[in-house]
Amino acid sequence: MTYIVKPKLHHPSLPSNAIGLTRRDYEGRISTLCAGCGHDSISAAIVTACFELDLQPHRLAKLSGIGCSSKTPDYFLGQSHGFNSVHGRMPSVLTGANLANRDLIFLGVSGDGDTASIGISQFVHSVRRGVNMCYIVENNGVYGLTKGQFSATSDKGSKSKRGAENMESGIDLVSLALQLGATYVGRSFSGDKDQLVPLIKGALTHGGAAVLDVISPCVAFNNHAGSTKSFDYVREHNEAVNRLDVILGRALIKADYAPGEVREVTQHDGSVLRLKKIAEDYVATDRNAAAAYIQEHKAMGQIVTGLLYIDPHATDLHDRIGTTRTPLNALGTEELTPGAAALAKINAGLK
Amino acid sequence: MPDQDLTQPQRVQIAATNDFVVKFANVNGSGSASANGLFAKAIIRMGVPVGARNIFPSNIQGLPTWYEVRVNGDGHLGRRGGIDLAVALNPQTWDDDLAEIVPGGYIFYDSTKPMPPSKFRDDVTILGVPLTEICNAAYKIPRERQLFKNIAYVGALSHLIGIDPGIVETLLAEEFASKAKLIDANVRAFHLGRDWAKENIDPIGLQLKHADGVGNRIFVDGNRAAALGAVYGGATVCAWYPITPSTSVAEAFMEYCEEFRTDTDGSKRYAIIQAEDEIASIGIVVGAAWNGARAFTCTSGPGISLMNEFIGLSYYAEIPAVIFDVQRGGPSTGMPTRTQQADLLIAAYASHGDTKHVMLIPGDPGECFTMSALAFDLADRLQTTVFVMLDLDIGMQDWLVEPFVWDDARKLDRGKVMTAEDLDAGIPFGRYRDVDGDGIGFRTYPGTHPSKGAYFTRGSSHNAMAAYSEKGADYSEGMQRLLKKFATAAELVPPPIARKAREATRTGVLYFGSTAAAMHEALETLERRGRHIDAMRIRAFPFPQEILDFIDAHDEVFVVEQNRDAQMRSLLMIEGNVDASRLQSILHYEGTPLTARFLIKEFSEKMAKTAPAMGKI
Chain A
1 MTYIVKPKLH HPSLPSNAIG LTRRDYEGRI STLCAGCGHD SISAAIVTAC FELDLQPHRL
61 AKLSGIGCSS KTPDYFLGQS HGFNSVHGRM PSVLTGANLA NRDLIFLGVS GDGDTASIGI
121 SQFVHSVRRG VNMCYIVENN GVYGLTKGQF SATSDKGSKS KRGAENMESG IDLVSLALQL
181 GATYVGRSFS GDKDQLVPLI KGALTHGGAA VLDVISPCVA FNNHAGSTKS FDYVREHNEA
241 VNRLDVILGR ALIKADYAPG EVREVTQHDG SVLRLKKIAE DYVATDRNAA AAYIQEHKAM
301 GQIVTGLLYI DPHATDLHDR IGTTRTPLNA LGTEELTPGA AALAKINAGL K
Chain B
1 MPDQDLTQPQ RVQIAATNDF VVKFANVNGS GSASANGLFA KAIIRMGVPV GARNIFPSNI
61 QGLPTWYEVR VNGDGHLGRR GGIDLAVALN PQTWDDDLAE IVPGGYIFYD STKPMPPSKF
121 RDDVTILGVP LTEICNAAYK IPRERQLFKN IAYVGALSHL IGIDPGIVET LLAEEFASKA
181 KLIDANVRAF HLGRDWAKEN IDPIGLQLKH ADGVGNRIFV DGNRAAALGA VYGGATVCAW
241 YPITPSTSVA EAFMEYCEEF RTDTDGSKRY AIIQAEDEIA SIGIVVGAAW NGARAFTCTS
301 GPGISLMNEF IGLSYYAEIP AVIFDVQRGG PSTGMPTRTQ QADLLIAAYA SHGDTKHVML
361 IPGDPGECFT MSALAFDLAD RLQTTVFVML DLDIGMQDWL VEPFVWDDAR KLDRGKVMTA
421 EDLDAGIPFG RYRDVDGDGI GFRTYPGTHP SKGAYFTRGS SHNAMAAYSE KGADYSEGMQ
481 RLLKKFATAA ELVPPPIARK AREATRTGVL YFGSTAAAMH EALETLERRG RHIDAMRIRA
541 FPFPQEILDF IDAHDEVFVV EQNRDAQMRS LLMIEGNVDA SRLQSILHYE GTPLTARFLI
601 KEFSEKMAKT APAMGKI
C-alpha cells in the first residue's frame, strides 16, 4: 500500500489535546505491514498514548532495529526524528542518543528476534544500565520478514505454520527484565488497546528503564492453531493482574475506586499511575513477588499481563553516572575545551 | 650477533657518551616498570634524548617483560638494534638477553647468587651487584625488599653510567609529592644501590653527560595524547570495551575529564560507558553522534572486526563517529601486546557493500593529540566514521615529542547542521541533498523544531530526502555522492610530510605511523653512505594528491610498513591507480618496532639489486 500517500487534511472537528494537536499530528506514513498485523495496533496505541500525554512530537526520538516491528516507527510520529538502525542493536544506539540529550523522550521499538535473539545482549545491558527509555517489544514469536522461522520467544511446544514443533525453551522477556533491574515492566496484547495505551503512557513518562512486552500476533505466519502467540490463544490465556490509568500531574485526581482496590504511584514527572487490582494477591511494587507470580502462572499456561512491576523511586543512567543537567549535545567549545593555559600545565607535568 | 665468533675473547669495552642502548629484562608484576621509567626520565632531565619501549606479554604476573632505552644525543629515538648494556634481572630470559648484547657490551645482574662462568660471554663485561642481599639486609617486609630492589638497581646504574643523583632525587620528590614518607624511603633505596656500586665497581664505558638535546620536549605515550586530544576536540561521549593496547585511551580520557569537565557541584560534562562489547560501544557512539554529541570509541583489531556492521551504517546513513584503533599484531587474537600496522585494509573498507573510510595516521604521540582533536571536526564535517590509526608502539610507549599546542581562538567545527532558526528562515531541508557540491548534506539534531527538519535515519536505501527508496536512480545518486564526499575528504585530511634527500634522487620511500622514528635515522645513515632517498610520510587516507605526485616523480618507490601483506601498497594501487610494479615493499611484521639497522639493511640490499646505476641525476 506504499503507493498511497496519506492525505494531510484534518477534519475541522477533530479533537485536539492540551497543546493544540490532533491525533493526526501524531501519525506517520501508511503502514506497509500485512493487513491485520498486531504491530499496526501497537503503532495506533503509541499514537493515542502520545496524543493523550500532550507530547510535543519533536521532543521524542523513536529508534528501532531490523524486522517487521522495527519498520513501524515510520508509521507513527512523523514529526519525530527516527532511526531504523542495525539488527538487534537499537538499545546501544538509543543509549548513545540518550546520553547526548537527556531532555528528549526515547522510544525504542523492537521485535522478539531483534530483542531476544540477535540483540539479547544489548537488551540486557541497556536495561541493567537503567537507560531512560520506553522499550517496546512487539512480540510475535516468529520471524515474519524471512517467512516463519521460530524466534527465541516461541514457547516450547508451540507449532509453526508448517506444523513443526518448537523444541527449545522460550525466553520470557518480562521475567528477564525483572531480573535485570528494569524499573517499569509491563506485558500486554496488541488486541487489548484499553490495557496497552495506559501502559505505554506510563512507560513514556516513567524516567527509567521501562520494558513492555506486547504480544502481537503475526497474521501471516503465527496465527494458527497450535501456536501460543495466536490471537485466539492469547485471548484465551490472558490473565490481566491490574488495570492502569495514567493521570498527568496537572490533572485533578479523582478516586473512582473503592479503597484497597487501587494503588497510586507518583512518577518523577508528577504523573500518577493509578493501578486497579484485578488479581487480589498481585503486588506490582514487589519485584520478587512479581517474578514468582509470573512464573507460577506461566506454569499453569497463563499469560500474565498488566503493569507487572513499578519502582516508584526509579533512577536512570544519567543519575548513576552524574551527568550535568544540560544536554551534552548543547555544550560548546567553552564548556568542553580546557584551553591553552591548561595545556601548558599538562605539558609541564610530562617533562 | 650471529656472525660473531664467540670463541675469540675480546677485551674491548664499548665506550660511548650519550649514545647507547640499555635493555632491562624483568619479570612482570615485580614493580620494575616505575623504576625503569625513573631511569629513562632521569636521563631526559639531564638533557639527553631518550626513546623508551616496554616490550611485554599479555599477562599480569610472572612472564618476561623488557624495557629498552635508546639513549641518543642526536635525537634518533627509534630502535637502533642490538644492546650495549643488558640489565638482566630475569633468569628465564638470560640466554636470549646475553646473546643480544653487542661485542664489547655489558651485562648487569643480581649477583646475590652468582651465575656460573659458563653463563657469560668473553666479550661481555659482567657487572654483578648483590641486589637481593643488599635489600634483604636493609628491609624486613618481603614486598619492600622486592620493590626497593628495583630502585636500588637504578642507584647502582646511576654510578656506573653517570646519572646525576640529584635529578633522581628531584624526580622521586615529584612522584611522591603527596606522600613524603615514600620520598625518603625511595631515596634511601636509590643510595643503597649507588653506594654499593661506588665501593665495588668502576664506572663503565657507557657514560651520560648533561646536554641540551631535549629542549622543551615532553615525554608521553600516544594513547594519553589521543585521549587529551579527544577532550580538546570536544568529545562528550566515550563508549569502549577493554582491549589491549587501547584501554589506556579510555582511562586517560576519564582522568582528564574528571579534571577538566567536572562542574563545581560534581556533575559531569561527559559520559563514559564501559560497554558490554565493541558492537555496543560503536552503537552508543553512532547514537550519540546522531543526536549531536561528539562521541568516540577506542579499540584494537578484534574490536574493528566486531564493529564492521555499524561502521557501514555510519558510512551509509552518514553519521559522524571517531574510532581510535591502536593496532596490535593480528590476525585473530594474534599478538595482543606487540605492534603492527595491519588494520589498514579492514579500516579503510570496513563493512559489507561499497564503503571507504577516512583514516588519520599519526607518526608520534604529538600527532596523536592534534589528529585526535581534528578527527572530531572531520567526522562532523564529513558526517562519517573517521579512524585514528595508532599502533601499539605509538599508543603505549613514551616518546619524546614537542609540547602540545592549542589555539584558544579555535572553535569546534560542527559541520553542516541546521538550527531551528535556519528552518524558520525557510531554508529548505533535505537530509541528503548535495546543496554545496561537496557531497555533504545538512543534518538536524533530533528535537530541533516542532514541525520542520525531522527525518528518518536508516541503513536501508534512501533518496536525497531520506525517504526509503529502492529505485536504482536514487540508490546510485546516493552512492555517487558518497564518492564525491570522499574526494572532499582528501582535501581536508592532513597532507603528507616530505623530506627531500640532500642530493637529487630517483628513489623515494613512503612510510607512515611509528616507522617515522627509525626512518629518519636510517635515511641519515644511508645519506652518509651516499645513498639518497626522498621520503614522504603518509598521514591520512584518502590520499591527498601529493602522494601520487611523489610516486610519479620517482623511478623507484619503496613503501615501508609493519604488516605482512603490504596493505598500504594495496591501498595506493586501488585508490591511487598505481601500477603494482611501481611500488616495492619493505615489510617488518614480527611484532617488535622496526629498527634503523633493519631499514638500512633493507634499503642497502634492495636498492643495490633493483637500481645498480642509481646515482646523481
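Chains as they are written, first to last, in this note's numbering: chain A, 1 to 351; chain B, 1 to 617. Built from N, CA and C at the ideal position, the CB exists for glycine as well.
Contact list for residue i against chain D, beta-carbon separation under 9 Å
i     : result
A/L99 : You won't find chain D in this structure, because its protein chains are A and B.
Cβ of residue i within 9 Å of any chain A Cβ
i      : result
B/T448 : yes
B/E309 : yes
B/F176 : no
B/P403 : yes
B/I44  : yes
B/V560 : no
B/L38  : no
B/G353 : no
B/G75  : no
Under the three-state DSSP convention, the category residue i falls into
i      : result
B/M254 : helix
B/E402 : coil
A/L107 : strand
B/T93  : helix
A/F51  : helix
A/T323 : strand
A/L252 : Legend: pLDDT at A/L252 = 49, less than 50; position of this residue unreliable, value from coordinates given subsequently. Three-state DSSP puts A/L252 in coil, outside helix and strand.
B/Y153 : helix
A/S160 : coil
B/R143 : helix
B/F176 : coil
A/A314 : coil
A/D25  : helix
B/L594 : coil
Beta-carbon proximity of residue i to residue j, cut-off 9 Å
i      : j      : result
B/G81  : B/A596 : yes
A/T115 : A/L173 : yes
B/T619 : B/H357 : As displayed, chain B neither begins before 1 nor continues past 617, which places residue 619 of chain B out of reach and without an answer.
A/P338 : B/F260 : yes
B/F296 : B/A230 : yes
A/N222 : A/V304 : no
B/V50  : B/L382 : no
B/V168 : B/Y153 : no
B/S451 : B/G478 : no
A/R89  : B/G303 : no
B/C368 : B/A197 : no
Residue i at chain B interface by Cβ criterion, 9 Å
i      : result
A/A255 : Note that A/A255 has pLDDT 48, beneath the 50 cutoff, so the model's placement of it is unreliable and the number below is only indicative. So, not an interface residue.
A/F83  : yes
A/V127 : no
A/L252 : Note on A/L252: pLDDT 49, under 50, position unreliable in the model; the coordinate value appears next. No, no contact with chain B.
A/N17  : no
A/D74  : yes
Start-to-end residues for the alpha helix (DSSP H) that takes in residue i
i      : result
A/V124 : I120 to R129
B/D221 : No alpha helix (DSSP H) contains B/D221, which is instead part of the beta strand (DSSP E) from I218 to D221.
B/M371 : P365 to L382
B/I533 : Segment: none, B/I533 is in no alpha helix (DSSP H) and carries neither H nor E.
Opening and closing residue of the beta strand (DSSP E) in which residue i lies
i      : result
B/N36  : Note, B/N36: premise wrong, no beta strand (DSSP E); alpha helix (DSSP H) at S32 to R45.
A/C134 : M133 to N139
B/R188 : Per DSSP, B/R188 belongs to no beta strand (DSSP E); it is in the alpha helix (DSSP H), A180 to N200.
Please identify, using Cβ separations under 9 Å, the residues of the stretch 275-305 of chain B that lie next to chain A, in order along the chain. Flagged, chain order: A275, E276, D277, I279, A280, S281, I282, G283, I284, V285, V286, G287, A288, A289, W290, N291, G292, A293, R294 and A295.
Give me the subset of the stretch 204-225 of chain B whose CB atoms are less than 7 Å from a CB atom of chain A, sorted by chain position. Contacts with chain A (Cβ-Cβ distance below 7 Å) from the stretch 204-225 of chain B involve I218, F219 and V220, listed in chain order.
Give, in chain order, every residue of the stretch 44-61 of chain A whose Cβ lies closer than 7 Å to some Cβ of chain B. Hits within the stretch, in order: Q56, H58, R59 and A61.
Using a beta-carbon distance cut-off of less than 9 Å, what residues from the stretch 337-348 of chain A approach chain B? Within the stretch 337-348 of chain A, the residues whose Cβ lies closer than 9 Å to some Cβ of chain B are T337, P338, G339, A340, A341, A342, L343, A344, I346, N347 and A348, listed in chain order.
Using a Cβ-Cβ cut-off of less than 9 Å, give me the residues of the stretch 575-607 of chain B that come near chain A, in sequence order. Those residues of the stretch 575-607 of chain B that come within reach of chain A (Cβ to Cβ, closer than 9 Å) do not exist; the list is empty.
For the stretch 402-433 of chain B, list every residue whose C-beta sits within 8 Å of some C-beta in chain A, in sequence order. For the stretch 402-433 of chain B, which is checked against every Cβ of chain A, the residues closer than 8 Å are P403, F404, V405, W406, D407, D408, R410, K411 and L412.
Give, in chain order, every residue of the stretch 309-341 of chain B whose Cβ lies closer than 7 Å to some Cβ of chain A. Against chain A - using a Cβ distance shorter than 7 Å - the residues of the stretch 309-341 of chain B are E309, F310 and L313.
Against chain B, which members of the stretch 318-334 of chain A pass a CB distance test of less than 9 Å? Under the 9 Å Cβ criterion, the stretch 318-334 of chain A contributes H318, I321, G322, T323, T324, R325, T326, P327, L328, N329, A330, L331, G332 and T333.
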